[in-house]
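In this note's numbering, the protein residues as written are 1 to 87.
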């Protein structure tokens, strides 16, 4: 689903400024349809992390290196760290 297909205003969907920029670059999915950006499945949804900058989903075990536990506080994927946090 493209951002243009989303029913609702980005602010009503609680998109951050970085999310608004990011979701214009990829095929955004609602929470019901969201899958892992690495393996492409929605299996083990209790293991999915969502990037606070782009809203993409990632299984903790699909990350390199994998995570055993969810991070405390906010989390950004590698793509967004490069794009928004310049690391």
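We put the CB at the ideal spot given by N, CA and C, even for glycine.
Secondary structure of residue i, DSSP reduced to three states
i	result
residue 48	strand
residue 4	With a pLDDT of 46 at residue 4, under the threshold of 50, the modelled position of this residue cannot be trusted; read the value that follows with caution. If DSSP states are grouped into helix, strand and coil, residue 4 belongs with the helices.
residue 62	helix
residue 72	coil
residue 67	coil
Cβ pair residue i, residue j closer than 7 Å
i	j	result
residue 57	residue 48	yes
residue 80	residue 51	yes
residue 53	residue 18	yes
residue 41	residue 35	yes
One or two residues paired with residue i in a DSSP bridge
i	result
residue 36	57
Whole-angstrom C-beta distance between residue j and residue i, which should lie under 8 Å
i	j	result
residue 74	residue 85	No, residue 74 and residue 85 are not in contact; Cβ-Cβ is about 11 Å, not under 8 Å.
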